[in-house]
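Take the sequence shown: its letter number 100 is residue 197 in the working numbering, and every next letter is one higher.
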Amino acid sequence: MKICPNCHAEMDDNVKFCTSCGYDLRNVAPVQPTAPVEEQPASEAPQTSTAPTREAVNNETTAQPQQAASQQQSTNQQNQQQAQHRSASVTIDTASMAAASQGYWKWLVGSWKSPFAFQKTGKFAGCITFLIEALLFTLGVGHFVQLAATAANTYANSAASIFGGESSATTSSYSIGAGFYIAMILTVLIGAIAMVGVAYLISRAVSGIAANLGFVDFMNAIAHYSSSILILLVIFDIVAFLAGSSVGSVVLILFVVTLIPAIWSISIITSIVFGQSRSSFDRIYGALIAMVINSFVYMIAGSIAGSQLASVAQDLISQLSGLF
98 MKICPNCHAE
108 MDDNVKFCTS
118 CGYDLRNVAP
128 VQPTAPVEEQ
138 PASEAPQTST
148 APTREAVNNE
158 TTAQPQQAAS
168 QQQSTNQQNQ
178 QQAQHRSASV
188 TIDTASMAAA
198 SQGYWKWLVG
208 SWKSPFAFQK
218 TGKFAGCITF
228 LIEALLFTLG
238 VGHFVQLAAT
248 AANTYANSAA
258 SIFGGESSAT
268 TSSYSIGAGF
278 YIAMILTVLI
288 GAIAMVGVAY
298 LISRAVSGIA
308 ANLGFVDFMN
318 AIAHYSSSIL
328 ILLVIFDIVA
338 FLAGSSVGSV
348 VLILFVVTLI
358 PAIWSISIIT
368 SIVFGQSRSS
378 FDRIYGALIA
388 MVINSFVYMI
398 AGSIAGSQLA
408 SVAQDLISQL
418 SGLF
């Protein structure tokens, strides 16, 4: 068949002129008719597209548990690593504490052997030593006060039963409160640090050992010089808890209590008069000034400790007054 280029009308192959518009078709070549393309029904199209979609959904459904398992495994590994890190940190801290304790014990033994040969150690060796001494002193004093309170309570109950008959009232045993121990520990510790501070200022003024030391190192030096006080306080506590109030124990305790301030004063004086450089102000006078100032510190600390003892006595008397 032929197609007219002018009006696009279809003609037979042997037609020479277009029957519609008269166009010359002699030079127009005939064309073969094309077979109609069958369109696929719309209902069949989704069948080919739904199959991959279902497969993808199945793949996603299968992949979700795998991803969850992978995330859970990763979380478990992180938790294990954190636990191992914390365990390692605790181990390191424990090892550091053990090393510090060994270093302090070595320093303490060296101070007992040669008190004057001061050796540097950790920053807080002196403060730790003063704290231990305050604890030991307070425990011994507190034990004696408790013994005295118990004895007074026993005698008062006995007297009440003698003079009051069988119907007389009795009181329970008296116990010292924790406030007494805390106040005594703080008084001794703060008093010691205050006296060290006075000695430090005087020692720097007269070019003593504090001229080349900071306050913390100077405190360590005083603790090194006076470390034998720690031994005396251990003896004080042993006698107080084991020997009681016998005559021999009282004499020994008085001897120990007399030695402690003597050793402390010698340590303070040594820190002032000993040094390499010279000063225009004589160190002996500096030591004398320090001892005068520290005597006031002694009086203040003694008044605070006395007020604590008076408070205990007042509470005990108030409790025993109900017997008579």
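Ideal placement from N, C-alpha and C gives every residue a C-beta, glycine not left out.
Go through its chain and collect everything with a Cβ distance to Leu205's Cβ below 7 Å, but skip five positions before and after it.
Beyond the five residues adjoining it in sequence on each side, Leu205 comes within less than 7 Å, by CB distance, of Ser324 in the same chain, given in chain order.
Taking contact to mean 3 or more Cβ pairs, one atom from each stretch, closer than 8 Å, check whether the segment 246-255 and the segment 191-201 are in contact.
no
Please name the residue in Ile282, Ala106, Ser377 and Pro358 whose C-alpha comes closest to that of Tyr120.
The candidate whose alpha carbon is nearest that of Tyr120 is Ala106.
Using DSSP bridges, identify the partner residues of Lys220.
In the DSSP output, where bridge partners are listed per residue, Lys220 has none listed.
Would you check if the segment 359-372 and the segment 297-307 touch, i.e. whether three or more CB-CB distances between them fall below 8 Å?
A contact is defined here as three or more CB-CB pairs under 8 Å, and the segment 297-307 meets this definition with respect to the segment 359-372.
Among Val336, Asn176 and Met316, which residue has its Cα nearest to the Cα of Phe215?
Relative to the Cα of Phe215, the nearest Cα in the group Val336, Asn176 and Met316 belongs to Met316.
Whole-angstrom Cβ separation of Val293 and Ile273, contact assumed at under 8 Å?
About 29 Å separates the two Cβ atoms, so there is no contact after all.
Kindly give me the distance between the Cβ atoms of Val97 and Asn391, rounded to whole angstroms, as I take these residues to be in contact under 8 Å.
Here the chain comprises residues numbered 98 to 421, so residue 97 is not present and cannot be evaluated.
Looking only at C-alpha atoms, which of Leu236, Tyr297 and Lys220 sits nearest to Phe277?
Leu236
Straight-line Cα distance separating Ile225 from Lys217:
14 Å
Quick check on Asp109: does DSSP put it in helix, strand or coil?
DSSP, reduced to helix, strand and coil, places Asp109 outside both helices and strands of the structure shown, so it counts as coil.
First through last residue of the alpha helix (DSSP H) which encompasses Asn317:
Phe312 to Tyr322
Nearest-angstrom Cα separation, counted from Ile290 out to Tyr382:
22 Å
Going by the CB atoms, is the gap between Val336 and Leu351 shorter than 8 Å?
no
Going by DSSP, which residues form a beta bridge with Lys99?
Met108
Quick check on the burial criterion: 16 or more other C-beta atoms within 10 angstroms. Buried or exposed for Gln144?
Unreliable placement is indicated for Gln144, whose pLDDT of 47 sits below 50; the coordinate value is still reported in the next sentence. Exposed, because fewer than 16 other Cβ atoms sit within 10 Å of the Cβ of Gln144.
By DSSP, does Met215 sit in helix, in strand, or in coil?
Here residue 215 is Phe; the residue named in the question, Met, does not match the sequence. Phe215: coil per DSSP, three-state reduction.
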